[in-house]
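Every letter in the sequence shown is one number past the one before it in UniProt numbering, and letter 56, counting from 1, is 56. No residue lacks a Cβ here, since even glycine has one placed at the ideal position from N, Cα and C. Quick caveat, the model's predicted, so the values are computed rather than measured. Below is one structure; the comments refer to it alone.
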Amino acid sequence: MDDLYDVRPQDESKHLADKLEKVLQPYLVGEVIDYFSPDTQMTRQDVYTYAIALTVTGMIQLCIMPLYFYSMHCVAMQMKAAVGAIIYRKIMKMSSYSLHKTSSGQIVNILSTDVNQFDHATGTFHFIWIAPIEITIVLYLIYSRVGIAALFTLAVIMSMVTLQFLMGYFLGKLRTKIGSTKDKRTLLMNEVIAGMNIIKMYCWEKPISHLITQLRR
């Protein structure tokens, strides 16, 4: 787990550069379009420069994106392996009383579901800190074009952020309920598998299958 927090050279500044290219592309497109305005002061050489810069930024983005997602996937794999090892060590050191209170369904759910969330977290984590910078640059570019009307863009962005926070809150509550139901279902399935001989002996197949079906619903 020594490499869990190490930042490899290929991970540095990739996301920031990618976001900068996404901001530059609309700006360069706007400059190219301005060339065709009747009162433009741009020369043909200027528009050629903007067009070449637009092409180069698109090619750089095309090369960086696969490397970025590959690097984030490697980081997610390292984090999953490290957290899985920590959970395993913790289980080995737990007392009999603590193991009795913790069901195997909870452990399986953590290792199979919760740990896999690192795949999504590593890919979207950088959006949290890059979002204010990107919003500031975009608002400046919009303000330089349309003036005070850029405030309406800020209002729309803030409303969308608020809506996403609310959706995340409700989805978190639903995920908690789903996790609890998964724990119960896994615990019941383990008990059924462990007591299969007794269930067969007393012909309890239908009642037990009914209980499992209710938990799955």
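Asked                                                                                                                                                                                : Found
In the DSSP assignment, find the unbroken alpha helix (DSSP H) run with Asp119 in it and report its ends.                                                                            : Phe118 to Val146
Let me make sure I understand the geometry here. Which of Met201, Leu188 and Gly195 has the alpha-carbon closest to that of Thr213?                                                  : Leu188
Check Pro38 in the structure and name its three-state DSSP category.                                                                                                                 : coil
Does the contact criterion of 3 or more C-beta pairs under 8 Å hold for the stretch 74-83 versus the stretch 115-122?                                                                : yes
Can you have a look at Met160 and say buried or exposed, based on whether 16 or more other CB atoms are within 10 angstroms of its CB?                                               : exposed
In chain order, what are the residue ranges of uninterrupted alpha helix (DSSP H) at least 4 long that sit wholly in the stretch 58-102?                                             : 96-101
Might you give, ordered along the chain, the residues of its own chain that have their beta carbon closer than 7 Å to the beta carbon of Leu154, omitting 5 neighbours on each side? : Leu139
Count the other CB atoms, across all protein chains shown, that sit within 10 Å of the CB of Met72; report buried if there are 16 or more and exposed otherwise.                     : buried
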